[in-house]
Structures are given as C-alpha cells and as structure tokens.
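Colleague: First the structure, then my questions, so here it is.
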Amino acid sequence: TLKPGINTIQSPNGGMIYFYNKQQGGTIRTTITAGGTTTPFFELGKHTKQDLINMLDQYPNAHAVELKGERVLITASPARVKKYLLGSNTDPVQLLKKMDEATRIQDKVAGLSEEQVDKHYVHYVEENHSPDYYMYATSYRTAYVGDAIQYVLDINKFITDGWGPWHEAGHLRQQSPWKFYNMTEVQNNIYSLSVEKAFNQPSNLEKSGIYPKAFQYLEQGNKNYDEISDVFVKLVMLWQLQLAYGEDFYPKLHQLYRDMPSSELPQTDENKKQLFMISASKVAKQNLIPFFEKWGLRPNNDTIQKVAALGYPILTAEIWKGTDSNPIKPDMPNVNNILEGNQFAWSLKGISDFEFAKINFNKSTEEMQVDLKAGVPHHYFNETYASIKVQNASGKVVYNKDIYGNKQQNAESQKVSVKVGDYIELTHLEGVHRATLTNVDNSKQESFGKKAMYEVTKEGLKKVNQIVNPKPDTEAPTQPQGLYASNLTSNSVELKWNPSTDNVGVKEYQVLRDGQLIQTVQGTTFTDQNLTVNKEYKYAVKAVDAAGNTSIQSEILLVKTKDQNVSYEKWDPKKAYTKGDKVEHQGTVYEAVQNHQGNGDPNWIFALSLWKAITIN
Numbered sequence: 001t002l003k004p005g006i007n008t009i010q011s012p013n014g015g016m017i018y019f020y021n022k023q024q025g026g027t028i029r030t031t032i033t034a035g036g037t038t039t040p041f042f043e044l045g046k047h048t049k050q051d052l053i054n055m056l057d058q059y060p061n062a063h064a065v066e067l068k069g070e071r072v073l074i075t076a077s078p079a080r081v082k083k084y085l086l087g088s089n090t091d092p093v094q095l096l097k098k099m100d101e102a103t104r105i106q107d108k109v110a111g112l113s114e115e116q117v118d119k120h121y122v123h124y125v126e127e128n129h130s131p132d133y134y135m136y137a138t139s140y141r142t143a144y145v146g147d148a149i150q151y152v153l154d155i156n157k158f159i160t161d162g163w164g165p166w167h168e169a170g171h172l173r174q175q176s177p178w179k180f181y182n183m184t185e186v187q188n189n190i191y192s193l194s195v196e197k198a199f200n201q202p203s204n205l206e207k208s209g210i211y212p213k214a215f216q217y218l219e220q221g222n223k224n225y226d227e228i229s230d231v232f233v234k235l236v237m238l239w240q241l242q243l244a245y246g247e248d249f250y251p252k253l254h255q256l257y258r259d260m261p262s263s264e265l266p267q268t269d270e271n272k273k274q275l276f277m278i279s280a281s282k283v284a285k286q287n288l289i290p291f292f293e294k295w296g297l298r299p300n301n302d303t304i305q306k307v308a309a310l311g312y313p314i315l316t317a318e319i320w321k322g323t324d325s326n327p328i329k330p331d332m333p334n335v336n337n338i339l340e341g342n343q344f345a346w347s348l349k350g351i352s353d354f355e356f357a358k359i360n361f362n363k364s365t366e367e368m369q370v371d372l373k374a375g376v377p378h379h380y381f382n383e384t385y386a387s388i389k390v391q392n393a394s395g396k397v398v399y400n401k402d403i404y405g406n407k408q409q410n411a412e413s414q415k416v417s418v419k420v421g422d423y424i425e426l427t428h429l430e431g432v433h434r435a436t437l438t439n440v441d442n443s444k445q446e447s448f449g450k451k452a453m454y455e456v457t458k459e460g461l462k463k464v465n466q467i468v469n470p471k472p473d474t475e476a477p478t479q480p481q482g483l484y485a486s487n488l489t490s491n492s493v494e495l496k497w498n499p500s501t502d503n504v505g506v507k508e509y510q511v512l513r514d515g516q517l518i519q520t521v522q523g524t525t526f527t528d529q530n531l532t533v534n535k536e537y538k539y540a541v542k543a544v545d546a547a548g549n550t551s552i553q554s555e556i557l558l559v560k561t562k563d564q565n566v567s568y569e570k571w572d573p574k575k576a577y578t579k580g581d582k583v584e585h586q587g588t589v590y591e592a593v594q595n596h597q598g599n600g601d602p603n604w605i606f607a608l609s610l611w612k613a614i615t616i617n
C-alpha cells in the first residue's frame, strides 16, 4: 500500500508494475530513476489496428504489449501479439469490445451492475515462467502459458472456442459460501456456459456428450453428489437450475449471498451444501428438495424443515431431465390450486346430512379446531368412512383421526397447532357430495372429493398431490404395557392397556388372540365377544404407527372365561371384609388386600391399600 510522500519501488526480476488508486480523488506521479522500457499501449477508443502495428514496429524489443478495453486488460509478448492477433487478422478494437461484452455477461451472472463491479480490469496475461501449467487464475489476473494466449488474442477463437479464458475469468467471480466440496472447477463454469450461450455457440454440455453421462448417474440408486468425479456432470445440476428458472436465477442467488450477514455465512462444506439448497429454493420460489435429492445432494432434516417453512410449492416437474435443447420448466403453481386466505372451514357429512365433523382453521393464529359430533356417521359403511390428519413440516403426525362409518362416534373437540409448511389431509368416501371446504375470507365453497391434501403456505392453502416426508419413519412404537382384563363374563372380556409412545405418533393397536390378529383399534381398550364358556385364551397387543412400523407385542395375558353360574357379590361400601374376599364392582372383580370395615365411602374400592383388581381365570 502506498503511503503519503515518496515511495520507492524496485523490480529486480523485471515485468510490468501497476498502480491502483482506490481513492476517488488525488493523483499519483511516478518517476523512473533507473531501468524501464517503453511498452506499446493500445487503448480502446483511442487507437486503431494500424496504430498497434506502428507501435510494434517502433518498439520491436519491448518487454510486453498491453491492450486495454473498458473492462479488460491484455498483457502479451510482441511476438505472440503479432502471431495470434495480427496473424489471424483480428481487429484489436473488435476483440476488446467482445472481451468487454464477455466480462459484462459474467458480471450479470454474478448479480453485479456496472457500478458495483470491482474497478480492477479483468487481466489476461501471457505467462512464460510456469511450463507445467496451461491456463490458470489467481489474484487479479488470469494467466495463459506460452501459446495458450492465442485463445485470448484471436477473436475467432475467443468467440467460438474461448472456453479456457471464459473458465479462468469465471474463477474470479466464485462465491465461497456455496463453493463446497470439489466445486472449484464446477461452479465457475456457470459463467463459461453463460458466455457461450450469449455468443450463440453450441452448448459444451451437449457437444461433449455430458448430458447422457449425467442421466446415467441420475438412474443410480444410492447417489452422492460429492462422489461425482466428472466436473462437467456435476455442472449439469447447476446449469439445470438456470434452464428451469431462467437467467435471473444466478444473479438473484449471488445477491442473496452477498446480502447475508457475515455471521450467517457457512464455514464448513456440509453447512455450505445445506444453505445452498435453502437459498436456491428461496430464489426459485419453489421447494427444490426433490431436485437435490435426485442429484444425491443430501438435505438434512433441518434443511427440509426450513425449506418447507418457506411455504413455496413442492417441485414435481422432472427438471433434472432438462437439457439446453430441451429445457424442462418447473410446474409453477396453477392459480386454481392456491386458496388465498386466512380462515378455512371443512364440513364432513354422513347419512341424512348428519354433520359428524367440522374443522375450522385460522392461519393467523396457527390453530385448527376439530369438532366431532356424537353419532353414527353412516351405517352402510363397515370401514373407515372419513379421516383427518395433520402432519407438521418435520414429518411428525400431530393429529390423526379415522372415522368409521357404522360405529358410534363420541363427541370430541380438539385444538391442533398448524403452521406454514404443515400439511392437512382429509378423506371421505362420499366426499364429492358430502364434504365441502369453505374459504371464509371470500365465502367461496367447493367439494373436495374423496381425498384432499393441502400444504399451508404464506398465501393460504396449496392443493398438493402428496405429502413430503423429510425422512422415512423407521422407528417402531414402544411395546404396549399393562395389559389386563376387566368385565369378564362367560362369553366376553374387556381388555385394557397403557398407551405406547412413538417418535411420530401411534396410529392404532393390533389385538391378537391365540397369536392371530382379531381386531385393530385406535384406543387402548377392546371388548372381545362371542367367546366360549369356561375356556382359556391368550391375548397380546401390538402398537402400529402411521408409517406401518409395528412394536414388539405386549406380554401375553391369560384369560379364562367364567362358567355360566359363576358370580360375585356386589361390593358394599359399608360392609366389613376379610383379606381374600372377592367382590364385583362396575364389571371388575376385586380382591380384599386386608381386613377392613367399610365406612360408606364410594371410593374405597379404588384404594390400593384395601382392594386390587384381579383377572379371573
């Protein structure tokens, strides 16, 4: 950095020296005290091709020749300028204009306006000291070893075969926060492809046969994007986002990262990948998790939840099959599938228009009220007649109710938390005629058919075809505990047990008699009827969650039905009892734990110090 006053600079190895004044005003005055030679300097807008020829003739032994456009600077040897620029009949004016154009194209991809760009010129330098290299990019310059500079100096090669210079210039624009594992030679080619397309050249991905390789990879089962060895195959994923969402996608993505506070920028490869998937979804205004999963870029549950919380529609179009010649556009939401509003109400009716369920959802308060009315919904249907389910953005089922047609339903009211990113699913066997949705805000009503699924979005409700689970549920519920029998008769028994727990939620219980499934129930009680008198049965229970995971079965309970003539004295709260006495109360048999005299208290039968419920064999 130059300091006020005199600054002495030496260059013992020779070469070009540049001064860069970052200040808006002030001047720098230089004096050469020793050494130095005149350098031919061609400036766009001031010189012509003939001027360049004259300069080369006047200074045949110059160290270098420099050509400066509005945005670019070329430094090359006189010999190669003569050989590749003049030798190809290139007009330096048109060359610099084309290189300035390429620079502005890449700036646009990076989301930079002419006022925002770095004031340094994009520097193209002939390099003759690193014979093991061909082309490379480093701080403030791109370099071309020996004859590689021809792709810069020959305008025809720069336009039709300039991938090398475009690629190296792209390196200067890469953003680190989404340059994750093995992306250094991938990410920069977004800029190369953009110049290639703007110059009306055939796509490198098509002419080099990259798309078939990419599609072959996409058909694999267990994919991992990090393990793709071909950088051009990896590039396809990035380019398909532009093909699908247009040329504004990457400028907006760059701007999004540029506006992030430094404290939010990711530092690890894994965090870079996760944030990239979230940021890309923000820019696309679509949930891109299916796209990234298809490519083997693996979102974690936190990323899935954050993308879902954005409230954008889930991608269903197969944009991963898109190519330059056949781009696949995303399935942007149909306006008919978006129900804008804050309050919605569903009505589920059965036989004789009996409204057995009413649901009210207020998006502003993030609350859904479910009211079930007592009665039999429809006695013609010996099966699940309707159902109500709510799944949150993390995949957890927070409410799940199956309503049977010909079974007595108890009255029930419950408030359910429902937020943006959550899903609501309703089914009704006769939904076309007996189930409606009302948008309370505009009083519009519609039937929802046999099945309807909605994603809660910032705008309201989005009709969807599937519920996206962030991760398959493979965890089974816990083993049911405390299985016991009550209300035992000669031909029936009531079974009860303690509820199981599950990471998502228990959907139902399977009741087994003598090892065979006899019934599936949602609660923790079941009455088995039509049993044989004085016969022993073995019962067990299993818990099942919504994903079909089944728990270990409970401990086996032995139950023996009563003889026809077996009965027990009704419990009398005022009577004296001796340890071992058995009485019956409300269908359950109890045995006295100790001698005691009743005092008329109706709750003493439930005192564990006095009585215990028993199973009668």
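Note that the UniProt record's numbering has the sequence shown beginning at 1, numbered continuously upward. Even for Gly, the Cβ is constructed at its ideal location relative to N, Cα and C. Because the structure is a prediction, the values reported are computed rather than measured.
Would you say PHE291 and ILE319 are within 8 Å of each other, going by their C-beta atoms?
Modeller: By one-based count along the sequence shown, residue 291 stands at place 291. By one-based count along the sequence shown, residue 319 stands at place 319. Yes, these two residues count as a Cβ contact at 8 Å.
Colleague: Going straight from the alpha carbon of ILE304 to that of SER394, what length do you get?
Modeller: In the sequence shown, counting from the first residue as 1, residue 304 sits at position 304. In the sequence shown, counting from the first residue as 1, residue 394 sits at position 394. Distance between the alpha carbons of ILE304 and SER394 is about 8 Å.
Colleague: Taking only runs of the beta strand (DSSP E) that begin and end inside the region 324–363, which ones reach a length of at least 3 residues, in chain order?
Modeller: Those beta strand (DSSP E) runs which fall completely within the region 324–363 and span 3+ residues are 338–340, 343–349, 355–362.
Colleague: Compute the Euclidean distance between the alpha carbons of ASP514 and LEU483, then round it to the nearest angstrom.
Modeller: Translated into positions along the sequence shown, residue 514 becomes position 514. Translated into positions along the sequence shown, residue 483 becomes position 483. Distance between the alpha carbons of ASP514 and LEU483 is about 15 Å.
Colleague: Counting Cβ pairs closer than 8 Å, one from the region 62–70 and one from the region 91–102, do we hit at least three?
Modeller: Yes, since at least three Cβ pairs between the region 62–70 and the region 91–102 fall closer than 8 Å, the two stretches touch.
Colleague: Exposed or buried, GLY87, counting other C-beta atoms within 10 Å across all chains shown (16 or more means buried)?
Modeller: Locating residue 87 in the sequence shown gives position 87, counting from the first residue. Label assigned to GLY87: exposed.
Colleague: Inspect the beta-carbon positions of LEU241 and ALA280 and report whether they are closer than 8 Å.
Modeller: As a working mapping, residue 241 is identified with position 241 in the sequence shown. As a working mapping, residue 280 is identified with position 280 in the sequence shown. In contact: LEU241 and ALA280 (Cβ atoms closer than 8 Å).
Colleague: Please state whether DSSP places HIS167 in a helix, a strand or coil.
Modeller: Walking along the sequence shown from the start, residue 167 turns up at place 167. Looking at HIS167 - three-state DSSP - the assignment turns out to be helix.
Colleague: For GLN529 and LYS282, what's the separation of their Cα atoms in angstroms?
Modeller: Your numbering for residue 529 matches position 529 in the sequence shown. Your numbering for residue 282 matches position 282 in the sequence shown. Spanning the two alpha carbons is a distance of roughly 58 Å.
Colleague: Within the region 21–47, note down every full beta strand (DSSP E) run reaching 3 residues or more, in order along the chain.
Modeller: The region 21–47 contains these whole beta strand (DSSP E) runs: 41–43.
Colleague: Verify whether the separation of the beta carbon atoms of TYR539 and LEU495 is less than 8 Å.
Modeller: One-based indexing of the sequence shown puts residue 539 at position 539. One-based indexing of the sequence shown puts residue 495 at position 495. Their beta carbons are under 8 Å apart, which means TYR539 touches LEU495 by this criterion.
Colleague: Take the Cβ of THR561 as the centre, count every other Cβ of all protein chains shown within 10 Å, and call the residue buried at 16 or more, exposed below.
Modeller: Working through the sequence shown from its first residue, we reach residue 561 at position 561. Burial call: buried.
Colleague: Can you say whether GLN150 is buried or exposed, counting buried as having 16 or more other CB atoms within 10 angstroms of its CB?
Modeller: Position 150 of the sequence shown, counted from the start, is the residue given in the question as residue 150. GLN150 should be labelled buried.
Colleague: Leaving out five residues before and five after GLN106 in sequence, what residues of the same chain have Cβ atoms less than 7 Å from its Cβ?
Modeller: Taking the sequence shown and counting its residues from 1, the one referred to as residue 106 is at position 106. These residues qualify, in order along the chain: ALA169, GLY170, ARG173, TYR191, SER194, VAL195.
Colleague: Taking C-beta to C-beta, are PRO78 and TYR124 nearer than 8 Å?
Modeller: Numbered from its first residue, the sequence shown carries residue 78 at position 78. Numbered from its first residue, the sequence shown carries residue 124 at position 124. Going by C-beta atoms, PRO78 is not nearer than 8 Å to TYR124.
Colleague: Assuming the contact rule is C-beta atoms closer than 8 Å, ASP51 and PHE42 should be a hit. Round their C-beta distance to whole Å, please.
Modeller: Residue 51 sits at position 51 when you count from the first residue of the sequence shown. Residue 42 sits at position 42 when you count from the first residue of the sequence shown. Yes, they are in contact, since the Cβ atoms of ASP51 and PHE42 sit about 7 Å apart, within 8 Å.
Colleague: Looking only at its chain, what residues have a beta carbon closer than 8 Å to the beta carbon of GLN479, apart from the 5 residues adjacent to it on each side?
Modeller: Walking along the sequence shown from the start, residue 479 turns up at place 479. Excluding residues within five positions, the ones whose Cβ falls inside 8 Å are SER500, ALA543, SER551, ILE552, GLN553, SER554.
Colleague: Between the region 243–253 and the region 211–219, can you find at least three pairs of beta-carbon atoms closer than 8 Å?
Modeller: Result no; under three Cβ-Cβ pairs closer than 8 Å.
Colleague: For ASP161, which residues from the same chain have a beta carbon less than 7 Å from its beta carbon, with the 5 sequence-adjacent residues on both sides left out?
Modeller: As a first step, residue 161 must be located in the sequence shown, where it is residue number 161. Around ASP161: TYR151.
Colleague: In the region 284–315, which residue ranges form an unbroken beta strand (DSSP E) of at least 3 residues, counting only runs that do not cross its ends?
Modeller: None, since the region 284–315 contains no complete beta strand (DSSP E) of that length.
Colleague: At a cut of 8 Å, does the region 386–393 reach the region 407–427 through at least three beta carbon pairs?
Modeller: Verdict: yes, contact present.
Colleague: Suppose you measure from the CA of ASN599 to the CA of ASP422; what does that come to, to the nearest Å?
Modeller: Here the question's residue 599 lines up with position 599 in the sequence shown. Here the question's residue 422 lines up with position 422 in the sequence shown. Cα-Cα distance, rounded: 56 Å.
Colleague: Give every residue of the same chain whose Cβ lies closer than 8 Å to the Cβ of ASP302, excluding the five residues on either side of it in the sequence, and list them in chain order.
Modeller: Position 302 of the sequence shown, counting from 1, holds the residue named residue 302. Excluding sequence neighbours, ASP302 sits near GLN274.
Colleague: Can you list, in chain order, the stretches of the beta strand (DSSP E) that have 3 or more residues and sit fully within the region 398–455?
Modeller: As far as the region 398–455 is concerned, its whole beta strand (DSSP E) runs of at least 3 residues are 412–417, 423–428, 435–439, 444–447.
Colleague: Roughly how many whole angstroms lie between the Cα atoms of ASN406 and LYS179?
Modeller: Counted from its first residue, the sequence shown places residue 406 at position 406. Counted from its first residue, the sequence shown places residue 179 at position 179. Cα to Cα, ASN406 sits roughly 60 Å from LYS179.
Colleague: Classify HIS378 as buried or exposed, calling it buried when 16 or more other Cβ atoms lie within 10 Å of its own Cβ.
Modeller: Numbered from its first residue, the sequence shown carries residue 378 at position 378. HIS378 is buried by the Cβ-count criterion.
Colleague: Spell out the partners DSSP gives ASP371 in its beta bridges.
Modeller: Working through the sequence shown from its first residue, we reach residue 371 at position 371. Paired residue(s): LYS358, SER413.
Colleague: Drop a sphere of 10 angstroms on the beta-carbon of HIS254, count the other beta-carbons inside from all chains shown, and report buried for 16 or more, exposed for fewer.
Modeller: Here residue 254 refers to the residue found at position 254 when the sequence shown is read from its first residue. By the 10 Å Cβ count, HIS254 comes out buried.
Colleague: What residues in its chain sit with their C-beta under 7 Å from that of LYS507, if we drop five residues either side in the sequence?
Modeller: To locate residue 507, count along the sequence shown from 1; it is residue 507. Excluding positions up to five away in sequence, the list reads ASN400, VAL544, ASP545, ALA546.
Colleague: Would you decide whether GLU127 is buried or exposed? Buried here means 16 or more other CB atoms lie within 10 Å of its CB.
Modeller: Locating residue 127 in the sequence shown gives position 127, counting from the first residue. So GLU127 counts as buried.
Colleague: In chain order, what residues of the same chain have a beta carbon less than 7 Å from the beta carbon of LYS213, not counting five sequence neighbours either side?
Modeller: Against the sequence shown, residue 213 aligns to sequence position 213. Excluding residues within five positions, the ones whose Cβ falls inside 7 Å are ASP230, VAL233.
Colleague: Are LEU348 and ASN439 touching if we call contact CB-CB under 8 Å?
Modeller: Stepping through the sequence shown from its first residue, residue 348 is reached at position 348. Stepping through the sequence shown from its first residue, residue 439 is reached at position 439. No. Outside cutoff.
Colleague: Let me know if GLN187 comes out buried or exposed under the rule of 16 or more other beta-carbons within 10 Å of its beta-carbon.
Modeller: The count along the sequence shown starts at 1 and reaches residue 187 at position 187. Buried, since its Cβ has 16 or more Cβ neighbours within 10 Å.
Colleague: On the DSSP bridge list, what partners appear for ILE388?
Modeller: Position 388 of the sequence shown, counting from 1, holds the residue named residue 388. Its beta-bridge partners are LYS401, LEU426.
Colleague: Can you find the residues in the same chain that come closer than 7 Å, C-beta to C-beta, to SER11, ignoring five residues on each side of it along the sequence?
Modeller: As a first step, residue 11 is located in the sequence shown; it is residue number 11 there, counting from the start. Cβ neighbours of SER11 beyond the five flanking positions: ILE17.
Colleague: With DSSP run on the structure shown, which of helix, strand or coil describes GLU70?
Modeller: As a position in the sequence shown, residue 70 is number 70, starting the count at 1. Three-state DSSP puts GLU70 in coil, outside helix and strand.
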